[in-house]
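Asker:
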Amino acid sequence: MQADLSEESVPDFLERFLGFEDGVITGISIALPRGDCARRTIEVEIQAMDRTTPGDDSPNSRLHGWKLVRIAMRGIDEYRLSESRPYPLQVLTDGLKIGCAEGLFVLDLDPGPDAWSPRAIHDAASSWSKQYVVSERCSFEVLDGPFV
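Residue numbers (my numbering): 171 to 318.
Right, dumping it as structure tokens:
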């Protein structure tokens, strides 16, 4: 079941998944129908630790269990996603950030280690990120897998 995010609910969402630190991106899908910006969608699937799920006895899951989280950005305003050998996109070493600026959601998949603002993606001097999506709406869904 998908749940819509609001500017107010984003901090709790990020806290639940430990900021997605060291999360693993297992899929990105992009749908860009012509003439209908409201239906332009980018979905990102991420394996992440979930504070609401108990872990098991394996060394990497003692505190919290792993879940597959699908973040859906709808009504895409702009995006920048790329991957190269020196800059792989799969492991979210610094986690991810979600914020709101000028009435739009900003999903930053490469926020860097320093202080972050959703407006920073447009500031070349201070922006770390080369991986982001800006949209009118944002929702998420938690799945049990499959894990890759």
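Glycine included, C-beta positions come from ideal geometry on N, C-alpha and C.
These figures come from a predicted structure and were not determined experimentally.
1) Look up ALA208 in the DSSP assignment and say whether it is helix, strand or coil.
2) Is the stretch 203 to 217 in contact with the stretch 282 to 297, if contact means three or more CB pairs nearer than 8 Å?
3) When DSSP labels each residue in this structure, what does ALA290 get in the three-state scheme?
4) Reducing DSSP to helix, strand and coil, say where GLU185 ends up.
5) Should SER299 be labelled buried (16 or more other beta-carbon atoms within 10 Å of its own) or exposed?
6) Which residue's Cα is closest to the Cα of GLU177: GLU185, ALA290, LEU274 and GLN301?
7) Are VAL194 and VAL304 touching if we call contact CB-CB under 8 Å?
8) Who pairs with LYS237 in a beta bridge, going by DSSP?
9) Please go through the same chain and pick out, in chain order, the residues whose beta-carbon is closer than 6 Å to the beta-carbon of ILE200, but skip the five residues on each side of it.
10) To the nearest angstrom, how far is the alpha carbon of ALA271 from that of ASP314?
11) Can you tell me whether PRO181 is buried or exposed, with buried defined as 16 or more other CB within 10 angstroms of its CB?
12) Determine the burial state of ASP206: buried for a count of at least 16 other Cβ atoms within 10 Å of its Cβ, exposed for fewer.
13) At what residues does the beta strand (DSSP E) containing TYR257 begin and finish?
Answerer: A quick look at the data gives this:
1) As a first step, residue 208 is located in the sequence shown; it is residue number 38 there, counting from the start. Of the three classes helix, strand and coil, the one that applies to ALA208 here is helix, per DSSP.
2) no
3) Working through the sequence shown from its first residue, we reach residue 290 at position 120. Note: ALA290 maps to helix in three-state DSSP.
4) On the sequence shown, residue 185 is found 15 positions in, with the first residue counted as 1. Note: GLU185 maps to helix in three-state DSSP.
5) Here residue 299 corresponds to residue number 129 of the sequence shown, with the count starting at 1. Buried, because 16 or more other Cβ atoms sit within 10 Å of the Cβ of SER299.
6) Within the sequence shown, the letter at position 7 stands for residue 177. Looking at the Cα atoms, LEU274 is the closest of the given residues.
7) Taking the sequence shown and counting its residues from 1, the one referred to as residue 194 is at position 24. Taking the sequence shown and counting its residues from 1, the one referred to as residue 304 is at position 134. Cβ distance not < 8 Å, so VAL194 and VAL304 don't count as in contact.
8) Locating residue 237 in the sequence shown gives position 67, where the first residue counts as 1. Note: LYS237 sits in a beta bridge opposite ALA218.
9) Position 30 of the sequence shown, counting from 1, holds the residue named residue 200. Only ILE212 meet the Cβ criterion.
10) Along the sequence shown, one-based indexing puts residue 271 at 101. Along the sequence shown, one-based indexing puts residue 314 at 144. So the two alpha carbons sit approximately 32 Å from each other.
11) As a first step, residue 181 must be located in the sequence shown, where it is residue number 11. By the neighbour-count rule (16 or more Cβ atoms within 10 Å), PRO181 is not buried but exposed.
12) Your numbering for residue 206 matches position 36 in the sequence shown. It counts as exposed.
13) Looking up residue 257 in the sequence shown gives position 87. Counting along the chain, TYR257 falls outside any beta strand (DSSP E), and DSSP gives it neither H nor E.
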